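Report on one structure; see the data block that follows.
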Amino acid sequence: MSEVVVSHRWIAQVLKQRGIPVPDLKELEGAVAQCTEEIRARLLNVVTLIERGTEEAGDIEWVRVALKAPGQKARKVSPDLEQTPLVVSAAPVPSHATEPRPDRPQFLENGQLDDAGSGTAVPAKRVKHHIYASKAALTIELDTLRQQPGEEDVVRTVLIEAAVATAGRGYDWERKIPFQLMRRELPMVAGALLGLLDRPLAIENHGPERNKSIWIEQQGSKYFVKISQGARTIALPVDCSDAYAWNAIVLQALQHNAPSLSGSLQLRLIHRVAEMMNHTPTK
């Protein structure tokens, strides 16, 4: 049986791209050299999955422990507590409620929101932030939920769109995956971006076919985000400045939907929601 060879430089490159702390190259080379044949084979497999963004819960923590990355205590991983995600399933509502509305209102030059077909206009700003990585990109946009018959209030939410990078240093927005948050999911995402959740956040069962999901996981100085539709997955790291802009848009939507609440009270409510989510039993 041939010896399993794993490049420590390749491991460092993959982990850095995902925002995962790694030892310096000398320490990493020594750590890999001390691994048994079985551990090196698993390293090769797990790091390959991490590079593709298809790793399973607990894989990243296992690599951290195996390599004894700085800032990470060597400890036994508890999949039930730490790496099992907080899974939020979309409520059984009409499918169009979880899709970006095809007739989304257009924003006028005077800063008014032209609510198409209603003959009314409400104050609004078009807020949008782009997040770029080497292999994919996201847009985070303040959006409007489709109003149901009899509803008068405009409800704001956040639309997230993901696209893969193309050869010409651009992104394939023609085949983007759009993911619109439901109103009840806004405080959950705010909690994840504020670092209040003990586990990754997974929101599932979106879209007409209930095959869309989003995964948000903090990994050191970055967030790792995956948006999926069926068999397609687009994954990328999000650094601290982009996380701030994303969270600011989420907070704007929450503030619009509850304008009578002060900012400090909004944050207290987000903290409370996060505490309750942290006590949610794993499946």
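Under the working numbering, the first residue of the sequence shown carries the number 1357, and numbering increases by one thereafter. Think of the CB as a built atom: it goes at the ideal place given N, C-alpha and C, for glycine as much as any other residue. For clarity, every value in this text was computed on a predicted model and none was experimentally measured.
Taking the DSSP output, what are the residues bridged to residue i?
i, result
"P1534", "E1517"
"W1571", "A1558, K1582"
"K1491", "None, per the DSSP bridge assignment."
"E1497", "K1484, L1515"
"Y1600", "BP columns for Y1600 are empty, so no partner."
"A1591", "K1582"
"L1442", "L1557"
Can you tell me the Cβ-Cβ gap for residue i and residue j, rounded? I've got them flagged as a contact below 8 Å.
i, j, result
"L1498", "A1609", "6 Å"
"L1423", "A1387", "5 Å"
"T1513", "L1542", "7 Å"
"E1501", "R1539", "First, the residue type needs correcting, since residue 1501 is Leu and not Glu in the sequence shown. Right, the Cβ-Cβ distance comes to about 6 Å (below 8 Å), so this counts as a contact."
"I1487", "D1598", "5 Å"
Which same chain residues end up closer than 7 Å to residue i when comparing Cβ atoms and leaving out the 5 residues on each side of it in sequence?
i, result
"K1578", "G1375, P1593, V1594, D1595"
"T1342", "Nothing can be reported for residue 1342, as the shown portion of the chain is limited to 1357 through 1639."
"L1405", "E1411, D1415"
"E1407", "V1370"
"L1553", "L1442, G1547, A1630, M1633, N1634"
"Q1575", "R1374, G1375, I1376, I1416"
"V1362", "V1388, R1396, L1399, L1400"
"G1551", "Q1574"
"A1489", "L1592, P1593"
Enumerate in chain order the residues of its own chain whose CB-to-CB distance from residue i is below 6 Å, with the five nearest sequence positions on each side excluded.
i, result
"E1523", "Correcting the residue identity first, residue 1523 is Ala in this sequence and not Glu. Counting only Cβ-Cβ distances below 6 Å, and skipping sequence neighbours, we find nothing."
"I1416", "none"
"I1583", "A1518, I1533, F1535, I1570, I1590"
"H1485", "I1496, A1601"
"K1491", "A1521"
"R1624", "none"
"I1367", "V1403"
"L1557", "L1442, A1548, I1572"
Got a sec? Which residues, its chain only, sit under 8 Å from residue i by beta carbon, not counting five neighbours each side?
i, result
"V1360", "E1393, R1396, A1397, L1400"
"Q1622", "L1607, L1610, Q1611, A1614"
Following a CB-centred definition, is residue i positioned closer than 6 Å to any heavy atom of the ligand FAD?
i, result
"R1420", "Because no ligand of any kind appears in the structure shown, any question about the ligand FAD cannot be addressed here."
Any 3 or more C-beta pairs closer than 8 Å across the segment 1612 to 1630 and the segment 1535 to 1549: As far as the Cβ criterion goes, the segment 1612 to 1630 touches the segment 1535 to 1549, which means the pair count is three or higher.
Stretch pair the segment 1518 to 1532 + the segment 1557 to 1569: three plus CB contacts closer than 8 Å: Taking 8 Å as the limit for Cβ pairs, the verdict is that the segment 1557 to 1569 does not touch the segment 1518 to 1532.
Whether or not the segment 1520 to 1536 and the segment 1600 to 1617 are in contact is what I'm after, with contact meaning three or more pairs of Cβ atoms, one per stretch, closer than 8 Å; do they touch? Verdict: no, contact absent.
For a minimum of 4 consecutive residues, which ranges assigned as the alpha helix (DSSP H) are wholly contained in the segment 1364 to 1405? Taking only runs of at least 4 residues, the alpha helix (DSSP H) segments lying wholly in the segment 1364 to 1405 are 1364 to 1373, 1381 to 1390.
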